[in-house]
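A.B. asks:
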Amino acid sequence: MAAELTAHELIAAHRPTLDQALEAIRTRAYWSPHPEHPKAYGENGSLDMAAGKAAFDALLGSRLDLGQPGTDDWVGGEVSPYGIELGVEYPHADLDVLLPAMKAGQKAWRDAGAEIRAVVCLEILKRISDRTHEFAHAVMHTSGQAFMMAFQAGGPHAQDRGLEAVAYAYVEQVRTPDTAEWTKPQGKRDPLALTKRFTPVPRGIGLVIGCNTFPTWNGYPGLFASLATGNAVLVKPHPRAVLPLALTVQVARSVLAEAGFDPNLVALAAERPGEGIAKTLATRPEIRIIDYTGSTEFGDWLEANARQAQVYTEKAGVNSVFVESAGDYKGMLANLAFSLSLYSGQMCTTPQNLLIPRDGIRTDEGPKTYDEVVADIARAVDGLLGDDARANALLGAIVNPDVKARVEAAAGLGEVALASREVTNPEFPGAVVRTPVLVKLDGAKPDDEAAYMSECFGPVSFAVAVDSAADGLELLRRTIREKGAMTVGAYTTDEEVEQAVQEVCLEEAAQLSLNLVGGVYVNQTAAFSDFHGSGGNPAANSALCDGAFVANRFRVVEVRREA
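Numbering (our numbering), first residue to last: 6 to 568.
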């Protein structure tokens, strides 16, 4: 296959970025090569706002032919949470044809080495970055995120996570040298001498099972971690969020071909309505790695049944914020209001349980009772979302009917401190938009425990009254241990309480944010610096991104001979 992109060109273009990424994961300092502001795009061949929207509009009602082998049908049916039928058709694969074709290219990809694989991956990410505006509309109209969030989380933040995975993959592969000269002295006899060669070899085909809410942000780490370590990757999108990952596959196939590799190293597995091919794929012998984000039930099934594969899961958890005292009460309220509202709470990192002592808390504004704290949080959310234009920009749209049903049912679980209201989106009248609901529950009542000890995904939060700081910490510990948590937040001015909550999170392996009152929120993480999940509690068996996330996607095979 003739290469249009030479190894020299790829290394010259992307090695500096790779080196910066390697330095960023070493220092954990802020760094990103992907601009967060929409106006930063439109130069050097990238699509600006108008061109990106036009490119997205041109996709509607089209057939996205990826040139994959084994296409036996065309499938589609995505409907935007904003009420638009996308009408895009995707190739449906005969797996008995596609999977062997994907394996055929792995030898050349393996032999290319870690550096070439890394810079090819960076070229894929660069092409995606150039189309960030187009991808933003694709993410918006499959996930229900508001445009600005879809632009940032679905664009630069997702691209950062992909690059982060490539950097970790590179580090782990070059940890072992390519060759070694081994000499063992034998006293008066001649020494024993061997020449050894070490080659990272892929496990096989990686399967990425996409999610509805964050198709690129959650999909890119596994996709690029597997690809950078020499594996072919089959992408199985969520049936309601195919387009962003299908475009990703399209870009990857194009770059691989231009770089002289088999484009079938990356392929799409779209499915017919109700077909449910994830279980079929997950247990195929060719599939050796699985990345999954979604429900605990299916994540547990994968871990138990996909025994031939290395399985990485991010499942459900119950995230808590422990409020013991506040040194900046207004800042705390504003920070919590934003965290509860962003993307209608449809994030695996959104706080659900607010653990508040029933005797109240100390603040810089004086003592506040439990009822006052809850009422003030409700007022802060109401104030943040009181203007419908701002509410639409923060909330986006409800992603599916199950979330809407949970919002409506929450009012029957306890005393409602903040009722959810409908918001009209004038640009998209078909969008279902709901503000958060906040319900009071008693941590000492067994009847309330069923509610706050289960994930209620969406804009639903519980103000759980606890008897004391110690009881709150014990409930926090039990929640993490039994249900898992992607995030934990805490507010306290007491050094002993701060140490105690840190100890809980260290022992139960949960990521903790302390006393956030500014523009950083508990449900946001930064690539190259923050770890998303820990892999140490039931919410996820891996972290995005660390060495453990990439190191078992390949093995090192040694060939030794006498020197």
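Cβ atoms here follow ideal geometry from the backbone N, Cα and C, with glycine treated the same way.
As the structure is a prediction and not an experimental result, all values here were calculated from the model.
Return the CA-CA distance between E563 and R202, expressed in angstroms with no decimal places.
C.D. replies: Indexing the sequence shown from 1 puts residue 563 at position 558. Indexing the sequence shown from 1 puts residue 202 at position 197. Approximately 6 Å, taken between the alpha carbons.
A.B. asks: Taking the continuous beta strand (DSSP E) assigned at P226, which residues delimit it?
C.D. replies: Walking along the sequence shown from the start, residue 226 turns up at place 221. Run containing P226: none in the beta strand (DSSP E); it sits in the alpha helix (DSSP H), P220 to A233.
A.B. asks: In the structure shown, what three-state DSSP assignment does W187 receive?
C.D. replies: Here residue 187 is taken as the residue at index 182 of the sequence shown, counted from 1. Strand.
A.B. asks: Put E487 into one of helix, strand or coil per three-state DSSP.
C.D. replies: By one-based count along the sequence shown, residue 487 stands at place 482. Of the three classes helix, strand and coil, the one that applies to E487 here is helix, per DSSP.
A.B. asks: Verify the contact flag: G417, CB atom, against every heavy atom of the ligand MN, threshold strictly below 7 Å.
C.D. replies: Among the ligands in the structure shown, none appear at all, so the ligand MN cannot be discussed.
A.B. asks: Buried or exposed: G211, going by 16 or more other Cβ atoms within 10 Å of its Cβ?
C.D. replies: The count along the sequence shown starts at 1 and reaches residue 211 at position 206. Result: buried.
A.B. asks: Since E94 and L71 are thought to touch, with beta carbons under 8 Å apart, how far apart are those beta carbons, to the nearest angstrom?
C.D. replies: On the sequence shown, residue 94 is found 89 positions in, with the first residue counted as 1. On the sequence shown, residue 71 is found 66 positions in, with the first residue counted as 1. 11 Å between Cβ atoms; not a contact.
A.B. asks: For R566, does the count of other Cβ atoms within 10 angstroms reach 16, so buried, or fall short, so exposed?
C.D. replies: Residue mapping note: residue 566 aligns to position 561 of the sequence shown, counting from 1. The residue in question, R566, is exposed, as its Cβ has fewer than 16 Cβ neighbours within 10 Å.
A.B. asks: From the DSSP secondary-structure annotation, give me the bridge partner or partners of V386.
C.D. replies: Here residue 386 refers to the residue found at position 381 when the sequence shown is read from its first residue. DSSP lists no partner for V386.
A.B. asks: Alpha carbon to alpha carbon, how far is V328 from Q507? Give it in angstroms, no decimals.
C.D. replies: Position 502 of the sequence shown, counting from 1, holds the residue named residue 507. Position 323 of the sequence shown, counting from 1, holds the residue named residue 328. Cα-Cα distance, rounded: 14 Å.
A.B. asks: Could you tell me which uninterrupted beta strand (DSSP E) segments, each at least 3 residues in length, are contained entirely in the region 262 to 344, listed from first to last along the chain?
C.D. replies: With a minimum length of 3 residues, the continuous beta strand (DSSP E) runs that stay inside the region 262 to 344 are 271 to 273, 292 to 298, 315 to 319 and 325 to 328.
A.B. asks: Which full runs of the beta strand (DSSP E) of 3+ residues lie inside the region 427 to 495, going along the chain?
C.D. replies: Entirely contained in the region 427 to 495, the beta strand (DSSP E) runs reaching 3 residues are, in chain order, 442 to 447 and 465 to 471.
A.B. asks: Within this structure, are the beta carbons of V421 and T440 separated by less than 8 Å?
C.D. replies: The count along the sequence shown starts at 1 and reaches residue 421 at position 416. The count along the sequence shown starts at 1 and reaches residue 440 at position 435. For V421 and T440, no; Cβs fall outside 8 Å.
A.B. asks: Quick check on G524: buried or exposed, where buried means 16 or more other Cβ atoms within 10 Å of its Cβ?
C.D. replies: Taking the first residue of the sequence shown as position 1, residue 524 is located at position 519. With fewer than 16 other Cβ atoms within 10 Å, it is exposed.
A.B. asks: Does V35 pass the burial test, meaning 16 or more other C-beta atoms within 10 Å, or should it be called exposed?
C.D. replies: Counted from its first residue, the sequence shown places residue 35 at position 30. First, the amino acid is wrong: residue 35 is Tyr here, not Val. By the neighbour-count rule (16 or more Cβ atoms within 10 Å), Y35 is not buried but exposed.
A.B. asks: Quick check on DSSP: helix, strand or coil for G66?
C.D. replies: Numbered from its first residue, the sequence shown carries residue 66 at position 61. It is coil, neither helix nor strand.
A.B. asks: Counting C-beta neighbours from all protein chains within 10 Å, is the total for A414 16 or more, i.e. buried, or is it exposed?
C.D. replies: As a working note, residue 414 is residue 409 in the sequence shown. Label assigned to A414: exposed.
A.B. asks: Between R180, F219 and A198, which has its C-alpha nearest T234's C-alpha?
C.D. replies: What you label residue 234 is simply residue 229 of the sequence shown in a count that begins at 1. Among R180, F219 and A198, the Cα nearest to that of T234 is on R180.
A.B. asks: Relative to the C-alpha of K58, which candidate in A26, A117, A141 and L517 has its C-alpha closest?
C.D. replies: In the sequence shown, the residue the question calls residue 58 occupies position 53. For the residues A26, A117, A141 and L517, the minimum Cα distance to K58 belongs to A141.
A.B. asks: Could you round the C-beta distance between A275 and H97 to whole angstroms and report it? I think they count as a contact, below 8 Å.
C.D. replies: Here residue 275 is taken as the residue at index 270 of the sequence shown, counted from 1. Here residue 97 is taken as the residue at index 92 of the sequence shown, counted from 1. Going by Cβ atoms, the distance from A275 to H97 rounds to 6 Å, so yes, they are a contact pair.
A.B. asks: Quick one: complete beta strand (DSSP E) runs, 3+ long, within the region 389 to 426?
C.D. replies: Whole beta strand (DSSP E) segments, 3+ residues: 420 to 423.
A.B. asks: Of all the beta strand (DSSP E) runs that stay within the bounds of the region 14 to 94, which reach a length of 3 or more residues?
C.D. replies: Counting only runs of 3 or more, we get 76 to 80.
A.B. asks: I'd like to know whether the C-beta atoms of N570 and T355 end up nearer to each other than 8 Å.
C.D. replies: The chain is shown from 6 up to 568; residue 570 falls before or after that span and cannot be answered.
A.B. asks: For V408 and T218, I'd like the C-alpha separation in whole angstroms.
C.D. replies: Position 403 of the sequence shown, counted from the start, is the residue given in the question as residue 408. Position 213 of the sequence shown, counted from the start, is the residue given in the question as residue 218. Taking the straight line joining both Cα atoms gives about 12 Å.
A.B. asks: Need the endpoints of the beta strand (DSSP E) that G167 sits in, please.
C.D. replies: In the sequence shown, counting from the first residue as 1, residue 167 sits at position 162. Counting along the chain, G167 falls outside any beta strand (DSSP E), though it belongs to the alpha helix (DSSP H) covering P161 to V179.
A.B. asks: Suppose you measure from the CA of A568 to the CA of Q111; what does that come to, to the nearest Å?
C.D. replies: Residue numbering aside, residue 568 sits at position 563 when the sequence shown is read from its first letter. Residue numbering aside, residue 111 sits at position 106 when the sequence shown is read from its first letter. Their backbone Cα atoms lie some 30 Å apart in a straight line.
A.B. asks: Can you look up R558 in the DSSP assignment and give me helix, strand or coil?
C.D. replies: As a working note, residue 558 is residue 553 in the sequence shown. R558 falls in the coil class under three-state DSSP.
A.B. asks: Would you report the Cα separation of L481 and L10, rounded to the nearest angstrom?
C.D. replies: In the sequence shown, the residue the question calls residue 481 occupies position 476. In the sequence shown, the residue the question calls residue 10 occupies position 5. Roughly 53 Å separates the two Cα atoms.
A.B. asks: Indicate the three-state DSSP secondary structure (helix, strand or coil) for P207 in the structure shown.
C.D. replies: On the sequence shown, residue 207 is found 202 positions in, with the first residue counted as 1. Looking at P207 - three-state DSSP - the assignment turns out to be strand.
A.B. asks: Straight-line CA distance for N397 to E139?
C.D. replies: The residue labelled residue 397 in the question sits at position 392 within the sequence shown. The residue labelled residue 139 in the question sits at position 134 within the sequence shown. Each residue's alpha carbon lies about 20 Å from the other.
A.B. asks: Taking the beta carbon of A109 as the centre, do at least 16 other beta carbons fall within 10 Å, making it buried, or is it exposed?
C.D. replies: Walking along the sequence shown from the start, residue 109 turns up at place 104. By the 10 Å Cβ count, A109 comes out exposed.
A.B. asks: Check this for me: beta carbons of A402 and V378, under 8 Å apart or not?
C.D. replies: By 1-based counting over the sequence shown, the position of residue 402 is 397. By 1-based counting over the sequence shown, the position of residue 378 is 373. No, the Cβ-Cβ distance between A402 and V378 is not below 8 Å.
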